[in-house]
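Under mature numbering (1 follows the signal peptide of the UniProt record, and there is no 0), residues -23 to -1, 1 to 317 are what the sequence shown spells out, in order.
Report on the structure given below.
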Amino acid sequence: MRQIRVGLIALAILVPAMVGVQARADAALLMEEPYGEFGAFNPTGHAAIYLNHICAESPTVLRPCRAGEPGAVISRYHKIDGYDWLAIPLVPYLYAVERVEDVPKTADAALEARLRDQYRRDHLLALAPDVEEGKKAGEAPRGEWTQLAGASYDRRIYGFQIQTTADEDEQFMNRFNDSRNVGHFNLLFHNCADFSRTLLDVYYPHSVHRNIFSDLGITTPKQVARSLTKYADRHPDLNFSTFMIPQVPGSIKRSHPIDGVLESVVKSKKYVVPLAVLDPEVAAGFVVAYLTDGRFKAPKDAAVEVIPGEPTTMTGAAPAPGADQVRRPLPAPAATPAPQ
């Protein structure tokens, strides 16, 4: 906790003083751990894409970042005002505040709800308007809009970063700004991981694919991370690295480890034992499929970063033995030039 606090203070002091920083474009898959009761039942987690040179003019309009802006996180959501995808600035997406110096050192459920509701009132009323009738009139509505702000209060997030170019970013913005943004979420075939796969395909065609065996053809966040890692291994000329954004310390329940489809069955006694009794051959097949083509662990040597792309918020992760560099930080955004 002390390391995180020091990192935040350093960032708040140093970022305004940075001048003339040349930033290179990058994209990062965010593999987000599951949380809560639904996360325990379905431990596949959530996937989103962080783009450090593309910003959100609004949640549905993308534009190039201006000097000093750290980028946006874009993902597919289920039943948020009828949209298929929404984009949120990085810091609010992680912490439901607009300034790094306002990120709390610890959080409980009450603080999380208050910060989210304030950000909703300031920026998301069109997507999540106040309750209009009844005892809760004027209060925040229920629904999945809470996924748009404050993700780091609920879960730990792993990042898998790969380089992009300005031309690719422009192509990306044109494609999504010009296409219909109408929700068609489907847990099996059009989920958040499918969307992340589509986004990465703009930059690196055919880099990410489903796993027919270990995920039964369902795209999962873990499979997207696995595919992207393998793609980077096959193309060592690409700058590829990983990072981890810790869950904010406090009394909020910790998130669960992220699993693939068959992995969640094989590793859970409540699923695999009854299956083995009812159909031993199917259970054995699941185990074999997972062991041969489904294992992928979150990187243990990933650098811990409170804010991706800001070296001043790195709090650990020494290089692995024999490695020259475990983490090349996402480039910091170009700082606004100092007044002359």
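For each residue, glycine too, the CB sits at the ideal point set by N, CA and C.
Keep in mind it's a predicted model, so treat the numbers as computed, not measured.
- In this structure, does DSSP put H100 in helix, strand or coil? helix
- Task: Consult DSSP for F137 and reduce its assignment to one of helix, strand or coil.
- Result: strand
- Exposure of D146, with buried meaning 16 or more beta-carbon neighbours within 10 Å: buried
- Query: Is it the case that the Cβ atoms of A24 and L39 are separated by a distance below 9 Å?
  - Reply: no
- Query: Which stretch, first to last residue, makes up the beta strand (DSSP E) that contains L6?
  - Reply: 3 to 9
- Message: For K56, which residues in the same chain have their Cβ closer than 8 Å to its Cβ, ignoring the five residues on either side in sequence?
- Response: G120, E121, G160, F162
- beta strand (DSSP E) segment containing R53, residue limits: 49 to 53
- Message: Taking only three categories from DSSP, how would you classify R40?
- Response: strand
- Item | Separation of D3 from R174, as counted between CA atoms | 16 Å
- Message: Between the alpha carbons of R93 and C169, how many angstroms are there, rounded?
- Response: 21 Å
- Give every residue of the same chain whose Cβ lies closer than 7 Å to the Cβ of I65, excluding the five residues on either side of it in the sequence, and list them in chain order. A33, P36, A49, V50, L125, A126
- Looking only at its own chain, which residues have a Cβ that is under 6 Å from the Cβ of S52, when we skip the five neighbours before and after it? A25, C169
- Cβ shell of H186 (< 7 Å), same chain only, five flanking positions each side left out: S204
- Query: How about A105: is its C-beta nearer than 9 Å to some C-beta of chain C?
  - Reply: Here there is only one protein chain, and chain C is not present.
- Which of helix, strand or coil DSSP assigns to A280: strand
- Task: Rounded to whole angstroms, what's the CA-CA distance from S156 to R132? Just pull it up for me.
- Result: 31 Å
- For Y12, the nearest candidate out of A275, A279, D236 (CA to CA): D236
- Look up S129 in the DSSP assignment and say whether it is helix, strand or coil. helix
- Item | Reference T142, options G45, L165, L164, V179, closest by Cα | V179
- Query: Which term fits F15, buried or exposed, when burial requires 16 or more other beta carbons within 10 angstroms of its beta carbon?
  - Reply: exposed
- Task: Could you check the C-alpha separation between L101 and S129 for me, to the nearest Å?
- Result: 19 Å
- In the DSSP assignment, find the unbroken alpha helix (DSSP H) run with residue 320 in it and report its ends. With the chain covering -23 to 317 only, the question about residue 320 has no answer from this structure.
- Query: Do N158 and Y54 have their C-beta atoms closer together than 9 Å?
  - Reply: no
- Item | E34 - DSSP class collapsed to helix/strand/coil | strand
- Message: From the DSSP secondary-structure annotation, give me the bridge partner or partners of S218.
- Response: Q138
- Query: To the nearest angstrom, how far is it from the Cα of F153 to the Cα of P257?
  - Reply: 47 Å
- Excluding the 5 residues preceding and the 5 following A105 in the sequence, name in chain order all residues of the same chain whose CB lies nearer than 6 Å to its CB. R97, P118, W122
- Query: Is it right to say P276 is buried, meaning 16 or more other beta carbons lie within 10 angstroms of its own, or is it exposed?
  - Reply: buried
- At what residues does the alpha helix (DSSP H) containing Y180 begin and finish? 169 to 180
- Helix, strand or coil: how does DSSP classify L63 here? strand
- Backbone CA spacing between G22 and V281 [nearest angstrom]: 19 Å
- Nearest-angstrom Cα distance between M221 and E9? 10 Å
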